[in-house]
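Protein chains: 2
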Amino acid sequence: MLQGMRLTADKEHIAVVLNRPKYAGNIGSAARCAKNMGVERLMVVSDRDYPQEEIRQMSTHLAADVVDSIVYCRDLGEALSGFHYVVGTTARLGLARGPVMSPRDMAEQVVELSRKNDVALLFGPEDTGLTNEDLRYCQSVVSIPTSERFRSLNLSHAVMILCYEISMAEIGVPERFTPKMASSRETEGMYGHIGALLQEIGFLNPENPEYWMMHIRRLFSRMRLSAREVRIIRGICRQLSWYLHHRG
Amino acid sequence: MLQGMRLTADKEHIAVVLNRPKYAGNIGSAARCAKNMGVERLMVVSDRDYPQEEIRQMSTHLAADVVDSIVYCRDLGEALSGFHYVVGTTARLGLARGPVMSPRDMAEQVVELSRKNDVALLFGPEDTGLTNEDLRYCQSVVSIPTSERFRSLNLSHAVMILCYEISMAEIGVPERFTPKMASSRETEGMYGHIGALLQEIGFLNPENPEYWMMHIRRLFSRMRLSAREVRIIRGICRQLSWYLHHRG
Numbered sequence: 053m054l055q056g057m058r059l060t061a062d063k064e065h066i067a068v069v070l071n072r073p074k075y076a077g078n079i080g081s082a083a084r085c086a087k088n089m090g091v092e093r094l095m096v097v098s099d100r101d102y103p104q105e106e107i108r109q110m111s112t113h114l115a116a117d118v119v120d121s122i123v124y125c126r127d128l129g130e131a132l133s134g135f136h137y138v139v140g141t142t143a144r145l146g147l148a149r150g151p152v153m154s155p156r157d158m159a160e161q162v163v164e165l166s167r168k169n170d171v172a173l174l175f176g177p178e179d180t181g182l183t184n185e186d187l188r189y190c191q192s193v194v195s196i197p198t199s200e201r202f203r204s205l206n207l208s209h210a211v212m213i214l215c216y217e218i219s220m221a222e223i224g225v226p227e228r229f230t231p232k233m234a235s236s237r238e239t240e241g242m243y244g245h246i247g248a249l250l251q252e253i254g255f256l257n258p259e260n261p262e263y264w265m266m267h268i269r270r271l272f273s274r275m276r277l278s279a280r281e282v283r284i285i286r287g288i289c290r291q292l293s294w295y296l297h298h299r300g
Numbered sequence: 053m054l055q056g057m058r059l060t061a062d063k064e065h066i067a068v069v070l071n072r073p074k075y076a077g078n079i080g081s082a083a084r085c086a087k088n089m090g091v092e093r094l095m096v097v098s099d100r101d102y103p104q105e106e107i108r109q110m111s112t113h114l115a116a117d118v119v120d121s122i123v124y125c126r127d128l129g130e131a132l133s134g135f136h137y138v139v140g141t142t143a144r145l146g147l148a149r150g151p152v153m154s155p156r157d158m159a160e161q162v163v164e165l166s167r168k169n170d171v172a173l174l175f176g177p178e179d180t181g182l183t184n185e186d187l188r189y190c191q192s193v194v195s196i197p198t199s200e201r202f203r204s205l206n207l208s209h210a211v212m213i214l215c216y217e218i219s220m221a222e223i224g225v226p227e228r229f230t231p232k233m234a235s236s237r238e239t240e241g242m243y244g245h246i247g248a249l250l251q252e253i254g255f256l257n258p259e260n261p262e263y264w265m266m267h268i269r270r271l272f273s274r275m276r277l278s279a280r281e282v283r284i285i286r287g288i289c290r291q292l293s294w295y296l297h298h299r300g
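Protein sequences appear in the order of chains A and B. Residues in the first sequence are numbered from 53 upward in steps of one, following the numbering used here. Residues in the second sequence are numbered from 53 upward in steps of one, following the numbering used here.
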């Protein structure tokens, strides 16, 4: 660690995204603790409406501004489309979930990336957490270490730990080259392109096309693709399609 | 951090002590998050009685055992009399409060001390916090860093952060996921395969085929491909070649 090299996160580039929360009170609690840690962007993805009174009771009036500017969205893909880096949270560890990071390692990455990229911290519903399908949007997955005797965290406590770690990590990350990454919209477009092509050539099992696509997503997620690289890959896909249709 | 130096706290020696909490729900939330982090001793100092239903609703049934064994006490001095080390928490920083520690530094101390000493983590009422008089019982004082725009933490969030830091201090540096990477022979074989394919479909400029291949190499180099992933990519190339030659 270099002395005197203090990197601060650009917290305007960091958002807490709650996917289908069950309890309105948890939205308020999340708003409060995010603001405690300097994160003031909150999105809620749901097809429900939530009683504002319950939200405001838990946020307290001091986080009312965060509650007022919550962005509500019906669709997760749409909600995430403007973000360049999506961190998913999970309690369950399974084969399909790949390697997971600790909140501390995540925070180091996010502090760095937030200087040039919009970062979403994504949390699932209180009872079920993020599904494997939700996790496909995530470039990295974080798991908060807990006692084995009681793993299930309250939603706002999970939000608190991630925001707290980001706040702590600001103090000590050495400045490095920060890549400007492709947005979720751009990478999702690329996956659509790759998926269609692999389907066409019969590489994907029609009964479970997601199996190989999951491996491909995981592989590209690690790369932190730039917008330029996404264009190169899509260019290859386009050329392949063209060749397949015009040859012979 | 020395390799192999893992110190575990004796969590039976660590207790969360809530001094005159206002809201019963916060007692339940504190019980829940303490248990999440492996701390199962909770004391409540108050001359009031609290509605058990509200406590249990927030603790969830999974922390009911912690709620059942809460020690209630009327007097703070009496409550703390059996402890060897008392950590006070404060949001306010003032002359009378002396030097304050970060939660992370506190956690390192507490993990070590708890092996031979009973340690209390002491929290004040939601609205006023610990008084200077309360702080006299404390061997050290911790302040959780917050945004200057909103310093007041929910009581259970403060409990969570301290217990989480103790839990993390025990783990020390978490073991990171170390991938088993593909060998150079395997990746070079893959690049040969990709290059031949891109040449065939006319993606590479025949006069300077290395130009795009350099970009592709750079992109894959960042990924630290596993042997398995190299096989997947070569599988896709093979399938493409086959399809190109057998179709039409």
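The C-beta atom is built at its ideal place from N, Cα and C for all residues, glycine as well.
- Membership of Phe175(A) in any alpha helix (DSSP H) is not indicated; the residue belongs instead to the beta strand (DSSP E) covering 171-175.
- Note that the C-beta distance between Arg93(B) and Glu64(B) is below 9 Å.
- Annotation: the continuous alpha helix (DSSP H) that includes Ala131(B) extends over 128-132.
- In this structure, the CA atom of Arg269(B) is about 25 Å from the CA atom of Lys168(A).
- Cβ contact annotation for Pro103(B) (same chain, cutoff 8 Å, sequence separation greater than five): Ala76, in chain order.
- Cα atoms of Met95(B) and Ala67(B): separation of roughly 7 Å, rounded to the nearest angstrom.
- Interface flag for Ser166(B) against chain A is unset, since no Cβ pair is found closer than 9 Å.
- Exclusion of the five residues before and after Glu160(B) leaves Ala221 as the residues of its chain whose Cβ lies within less than 8 Å of its Cβ.
- Excluding its 5 nearest sequence neighbours in each direction, Arg72(A) has C-beta neighbours in its own chain below 6 Å: Ser98, Pro177, listed in chain order.
- Residue burial is scored here from C-beta neighbours: Ala279(A) has fewer than 16 other C-beta atoms within 10 angstroms and is therefore classed as exposed.
- In the displayed model, Met153(B) falls within a strand according to three-state DSSP.
- If you draw a straight line from the Cα of Phe202(B) to the Cα of Leu132(A), it is about 27 Å long.
- With contacts defined as CB atoms closer than 9 Å, Gly129(B) and Asp170(B) fail to qualify as a contacting pair.
- For Tyr124(A), no alpha helix (DSSP H) run applies; the uninterrupted beta strand (DSSP E) run containing it begins and ends at 123-125, by DSSP.
- Glu281(A) belongs to the set of residues whose beta carbon lies under 9 Å from a beta carbon in chain B.
- Residue environment: Tyr216(A) is assigned as buried (16 or more neighbouring CB atoms within 10 Å of its CB, all protein chains considered).
- Each of Gly254(B), Asp157(B), Leu173(B), Ile246(B) was checked against the Cα of Val91(B), and the nearest Cα belongs to Leu173(B).
- When DSSP assignments are scanned along the segment 252-285 of chain A, the uninterrupted stretches of alpha helix (DSSP H) that are 4 or more residues long and fall wholly within it turn out to be 262-273.
- Neighbours of Gln291(A) in chain B, taken as residues whose beta carbon is under 9 Å from its own, are Leu250, Ile253, Gly254, Phe255 in chain order.
- Here the alpha carbons of His298(B) and Ser208(A) stand approximately 56 Å from one another.
- Annotation note: the segment 178-227 of chain A contains the following uninterrupted alpha helix (DSSP H) runs of length 4 or greater, listed N- to C-terminal: 184-187, 207-221.
- Residues of chain B with a Cβ closer than 7 Å to the Cβ of Phe175(A) do not exist, since the nearest Cβ in that chain sits about 15 Å away.
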